[in-house]
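If you read the first sequence in numbering that gives the first Met the number 0, its first letter stands for residue 0, the second for the next number, and so on.
The beta-carbon is built from N, C-alpha and C at its ideal position, and this holds for glycine as well.
Before any comments, here is the structure.
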Amino acid sequence: MSRYSANEIEAKWQKAWDEAGVFTAERSDDKPKYYVLEMFPYPSGRIHMGHVRNYTMGDVIARYKLSTGHNVLHPMGFDAFGMPAENAAMKSGGHPKDWTYGNIDEMVSQMKPMGWSLDWNRMFATCDVEYYGQQQALFLDMLEAGLVYRKNAVVNWDPVDMTVLANEQVENGRGWRSGALVERRELTQWFFKISDYSDELLSALDTLDNWPAKVKTMQANWIGKSRGLQFAFSTVDAPDGFDRIEVYTTRPDTLMGASFMGISPDHPLAKQLEQTNPEIAAFCADCRRMGTTEEELEKAEKKGFDTGLTVRHPFDTSWELPIYIANFILMDYGTGAIFGCPAHDQRDFEFATKYGLPIAPVFVSADVEADGADEYFKQKEEALVPMKSEKVRYIRGFCGAELQTGEEAVDAAVTFCEEQGVGQGVTKFRLRDWGLSRQRYWGCPIPVVNCEACGVVPEKKENLPVKLPDDVTFDVPGNPLDRHPTWRNCDCPSCGAPARRETDTMDTFVDSSWYFARFTAPRAGTPTDATEAEYWMNVDQYIGGIEHAILHLLYSRFFARAMNITGHLPEKSKEPFNALFTQGMVTHAIYKTEDADGRPVYHYPEEVETKDGKVVLKDTGAEVEVVPSAKMSKSKNNVVDPLAIIDTYGADTARWFMLSDSPPERDVEWTASGAEATYKHLSRVWRIATDAVADETAANDQDKALLREMHKAIHDVTAGVESFGFNASIAKLYGFTNTLAKSKAGGDAKREATKILAQLMSPITPHLAEEIWALLGGAGLIAQADWPQADESMLVEDEVTLPIQINGKRRGEITVPKDLAKEEVEKLALAHEAVVRALDGNAPKKLIVVPGRIVNVVV
RNA sequence: GCCUGAGUGGCGGAAUGGUAGACGCAGGGGAUUCAAAAUCCCCCGAUGGCAACAUCGUGUGGGUUCGAGUCCCACCUUAGGCACCA
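Written as structure tokens, this is what we have:
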């Protein structure tokens with residue numbers, strides 16, 4: 000008997016699948032289709048355990064669907080544009096293209112040994128000219144459909160490197176490379192009109208039944224629908240054109256508590272004022288040096304600048320409020336101007352306290368009398384911000400009842416203001432338009448041309464693709480496209496005069512917003528092919544990390560709609576992902592000690608050992624602190640390399656272990672002992688199979704019991720696979736393997752059971768399954784064999800064991816024929832020793848018999 | 001503060017309202033072996049008891065039920081998200 004040799008087996012069967020073209024997706028009318036997709040990776044150059052888990056989950060589904068008679072589409076590609084390639088080029092020379100394609104080759108060579116059932120014929124990278132050329136065509140169609148436009152927007156600008164910085168490249172307000180103070184600078188940029196779809200993207204979430212509720216909630220919050228009042232304050236002595244300033248508020252009921260007006264440093268009025276007032280200019284410049292993320296704005300100290308101008312309160316024109324420019328107000332939200340009500344907003348409260356502005360309460364708690372209201376409020380040292388659904392007592396209300404909820408008061412205030420001609424109720428969304436311009440080289444060029452005479456002109460479709468030039472260097476600051484004369488200079492597609500290309504490229508989220516559609520026809524001369532898209536779309540099961548819950552998935556949903564409008568996807572694909580599954584992370588313990596200065600030192604798993612129940616360093620014997628279940632991270636030295644695992648145990652072990660220990664949606668901890676145990680188990684299955692081949696035991700009375708267990712295993716494992724309960728399927732496989740190993744059944748029954756075991760294991764450990772299948776003379780490839788069906792009649796036992804409870808506590812059990820009459824069960828139960836003892840001659844108060852389940856005696 | 005989840009042995013985790021802890025890891029004992037590796041068998045929530053067995057036990061406190069890990073109410077802890085403000 001030979002030993003289980005994973006490396007030999009795995010290479011052999013991968014070759015066999017490849018030669019038979021088992022995983023080539025083919026369209027045919029005689030079979031239903033199934034499209035399973037895992038989020039494609041960034042080509043970092045190395046696969047990690049997260050990939051192994053993610054792609055193995057998809058693979059189990061794909062292989063299962065293949066064996067249940069589906070045409071399966073299970074493709075793979077690379078999300079290949081983006082900054083890391085440029086960073087690498089800047090750091091160590093070379094070209095982003097070479098770096099990227101080198102990494103892709105490297106990763107493919109690491110992925111293939113995992114034995115995933117991928118249709119590699121469909122592979123592409125988003126940096127392939129064929130792909131981004133079609134993306135440019137899509138962009139032009141969207142431009143024509145009015146889904147793209149240009150406007151000014153603020154970016155992080157590094158004045159030394161003369162470049163735009165991503166948020167993560169700004170550290171403490173300084174450029175990560177130059178160390179220069181980062182400015183916020185306005186550039187003209189391209190935007191997708193995703194905000195036009197805010198309401199639809201929100202309401203359609205309700206139709207996504209097979210999406211995690213969590214993701215839907217996150218998207219709903221992100222879209223952020225709100226109902227409020229938009230109205231204008233009239234100004235006093237303001238510059239021309241600023242007679243009125245529009246504000247938006249979700250709390251119009253607090254209008255009588257207004258104490259100041261705040262405008263964004265980017266508000267037109269602020270910009271007007273800073274031209275003549277150096278102090279205001281300095282303040283605004285200071286604000287613009289802050290980062291552009293909301294988080295940074297929130298964390299920053301709240302600062303304001305009194306413009307000296309005032310506005311009149313809409314209900315009392317003699318009441319004037321000062322106008323402040325404030326650093327926490329974003330031009331992109333609402334109208335870029337607010338009124339502050341310090342009594343009922345914590346941020347306004349702090350602002351008013353800082354600048355000595357009045358704090359007038361509008362309402363108090365419902366349990367406070369109106370007379371004592373002002374007194375009550377004076378004792379408070381923070382804003383009173385109850386839930387909108389809570390009833391409060393209005394003391395400066397102007398409509399509705401004195402006692403009402405915030406929601407009721409807001410509605411009443413909107414109605415009242417509309418009647419008075421002071422503004423109108425509007426619905427606003429937090430979701431902003433999607434800025435897609437990136438001032439970078441390694442991305443999809445935006446296919447437009449700037450002509451002096453014609454303005455911004457779309458490139459002609461026949462001139463696509465607009466290819467990235469290869470002859471660029473990164474030794475000089477700035478975007479190489481900007482200083483590439485022969486690429487940048489071109490002829491206007493409209494008038495033919497000399498013109499300049501757009502040198503901005505697209506956000507990489509654009510690339511990943513339609514790749515799933517491209518997989519249905521990856522080599523088509525148009526973005527998609529109608530027949531293929533009609534057949535393969537939608538993605539039946541999408542699998543990926545929760546970190547993409549908002550942006551990627553929301554953008555993809557928008558793109559699917561845009562592609563429908565522009566004729567690239569059918570109506571049914573407006574929601575492109577029928578089911579979504581978000582898998583947990585792969586974690587690993589961290590081994591930590593401290594150096595002489597108290598700084599943490601992280602040790603590789605190989606450097607530690609367990610001695611006398613303590614984890615110590617092999618070298619010095621020093622005790623090590625074990626931090627369990629931390630995300631794998633290079634800096635913490637707790638990364639497990641899939642290649643090393645394949646080398647030691649084989650891909651089947653890695654695949655099985657990644658699914659065995661935790662439910663798929665939760666994090667799983669990689670442990671060396673767990674991997675070892677998996678390998679031992681697979682070796683055991685291998686031994687059982689090789690033993691079964693030559694087993695000459697005659698058929699006997701144990702056969703039926705074994706086959707019964709076999710059918711139960713079919714039933715349970717299948718149920719697990721269909722419900723994403725891979726860990727449950729694996730538990731059943733362990734159980735069935737134990738039964739099989741101990742069975743005294745005849746050789747034929749054992750061989751049959753072993754073949755079924757191999758089939759049930761085949762989605763998880765496909766190589767070992769093929770080997771056993773071949774060993775036992777299975778026809779063809781197990782990958783192409785029909786999934787076994789459980790015989791329902793074999794799932795029912797002839798006898799059942801019923802627990803006997805006394806007052807709800809288990810006190811014994813009886814074994815009875817399955818169909819025994821209830822009365823007979825009662826009789827047997829009452830005769831049970833423990834029951835007799837408990838009753839002590841008395842009659843039971845109550846006797847509950849749940850057929851086939853339980854007996855409960857109440858005494 | 002709000003919205004989602006989660007909380008069960010030493011650990012990962014099972015349990016359509018019906019025998020809590022399946023299955024795996026770790027641990028203990030035994031068989032085999034000159035010895036070891038590998039393999040096989042048995043035990044393994046806590047407390048008491050030689051044992052049979054008894055009592056307790058699913059974050060906390062209540063409740064519904066013949067019966068609650070599961071359903072309801074309140075709370076605690078924890079992870080993720082939002083930072084409702086525009």
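At the level of alpha carbons, what is the spacing between G223 and T426?
Computed Cα separation, rounded: 10 Å.
Tell me T162's beta-bridge partners as DSSP assigns them.
According to DSSP, T162 bridges with D157.
So, helix, strand or coil for T764, using DSSP?
Judged by DSSP in its simplified three-state form, T764 adopts coil rather than helix or strand.
Using only the alpha-carbon positions, how far apart do R173 and L180 sit?
The C-alpha of R173 lies about 4 Å from the C-alpha of L180.
Note down, in chain order, each residue of its chain lying with its Cβ closer than 6 Å to the Cβ of Y54, except the 5 sequence neighbours on either side.
Hits under 6 Å: E37 and W115.
Under three-state DSSP, which class holds V720?
Reduced to three states, the DSSP call for V720 is helix.
DSSP three-state call for F348: helix, strand or coil?
In the structure shown, F348 sits in a helix (DSSP, three-state: H, G or I).
Quick check: what's the CA-CA separation for D344 versus W318?
Separation of D344 and W318 (C-alpha to C-alpha, rounded to the nearest whole angstrom) is 21 Å.
R392 bridges to which residues according to DSSP?
Beta-bridge annotation (DSSP): R392 is paired with V363 and L402.
Relative to the C-alpha of Y100, which residue among T619, G44 and K302 is closest?
It is G44.
Rounded to whole angstroms, what is the Cα-Cα separation between G454 and A269?
Rounded to the nearest angstrom, the two C-alpha atoms are 29 Å apart.
In terms of DSSP beta bridges, what is N70 paired with?
Partner(s): K32.
Helix, strand or coil for S436? Go by DSSP, reduced to three states.
In the structure shown, the three-state DSSP call for S436 is strand.
Taking just the CA atoms, how far does R121 sit from F304?
Going from the Cα of F304 to the Cα of R121 covers about 58 Å.
Beta strand (DSSP E) containing A325: first to last residue?
Note, A325: beta strand (DSSP E), D315 to A325.
Mind checking which residues open and close the alpha helix (DSSP H) that includes W655?
Annotation: the continuous alpha helix (DSSP H) that includes W655 extends over A650 to S659.
Status (buried if at least 16 other CB within 10 Å, exposed otherwise) for C494
It counts as exposed.
Cut-off 7 Å between Cβ atoms - residues of its own chain near D331, not counting five sequence neighbours on either side
For D331, where only same-chain residues beyond five positions count, the Cβ hits under 7 Å are R431.
Within 7 Å, strictly: CB atoms of I337 and V235
No, the pair does not count as a contact, with Cβ atoms beyond the cut-off.
Go through its chain and collect everything with a Cβ distance to V35's Cβ below 6 Å, but skip five positions before and after it.
Correct list, in chain order: G57, I60, A61, H73 and Q540.
Where Q438 falls, given that 16 or more other Cβ within 10 Å makes a residue buried
By the Cβ-count criterion, Q438 is buried, with 16 or more other Cβ atoms from all chains shown falling within 10 Å of its own Cβ.
Taking the Cβ atom as the reference point for each residue, do T502 and L480 lie within a distance shorter than 7 Å?
For T502 and L480, yes; Cβs fall inside 7 Å.
Looking only at C-alpha atoms, which of H587, R598, I549 and N537 sits nearest to N577?
Checked all of H587, R598, I549 and N537; the closest Cα to N577 is N537.
Evaluate contact between the segment 275 to 285 and the segment 387 to 401, counting only Cβ atoms and requiring at least three cross-stretch pairs below 8 Å.
Judged by Cβ distances under 8 Å, the segment 275 to 285 makes no contact with the segment 387 to 401, as fewer than three pairs qualify.
Burial state of K870 (16 or more Cβ within 10 Å)
Lying before the first or after the last residue shown, residue 870 is absent from the chain, which here runs from 0 to 858.
Using a Cβ-Cβ cut-off of 6 Å (strictly less than) and excluding sequence neighbours within five positions of D790, which residues of its own chain qualify?
Result list for D790: H710, in chain order.
Would you decide whether R852 is buried or exposed? Buried here means 16 or more other CB atoms lie within 10 Å of its CB.
Under a 10 Å Cβ-count criterion, R852 is classified as exposed, with fewer than 16 other Cβ atoms of the shown protein chains found around its own Cβ.
In angstroms with no decimal places, state the Cα-to-Cα distance between D195 and R226.
Approximately 17 Å between the Cα atoms of the pair.
In chain order, what residues of the same chain have a beta carbon less than 7 Å from the beta carbon of W98, not counting five sequence neighbours either side?
Around W98: A84, A87 and A88.
What residues match up with D490 in a beta bridge as DSSP calls it?
According to DSSP, which records beta bridges pairwise, D490 is partnered with P497.
Cα separation between E832 and N726?
Approximately 40 Å, taken between the alpha carbons.
Residues that M260 bridges to, as DSSP identifies them
In the DSSP assignment, M260 forms a beta bridge with I322 and F338.
With a 10 Å radius around its C-beta and 16 neighbouring C-beta atoms as the bar for buried, classify Q135 as buried or exposed.
When all chains shown are included, Q135 counts as buried.
Pick helix, strand or coil for I729, following the three-state DSSP scheme.
Of the three classes helix, strand and coil, the one that applies to I729 here is helix, per DSSP.
Under 6 Å Cβ to Cβ from W513, same chain only, skipping five residues before and after it: list those, please.
Within the same chain, W513 has close Cβ partners F558.
So, for M0: in the same chain, excluding its five sequence neighbours on each side, which residues have a beta-carbon less than 6 Å away from its beta-carbon?
Because M0 sits at a pLDDT of 45, beneath the cut-off of 50, its placement in the model cannot be relied upon, and the following sentence gives the value as read from the coordinates. Counting only Cβ-Cβ distances below 6 Å, and skipping sequence neighbours, we find T689.
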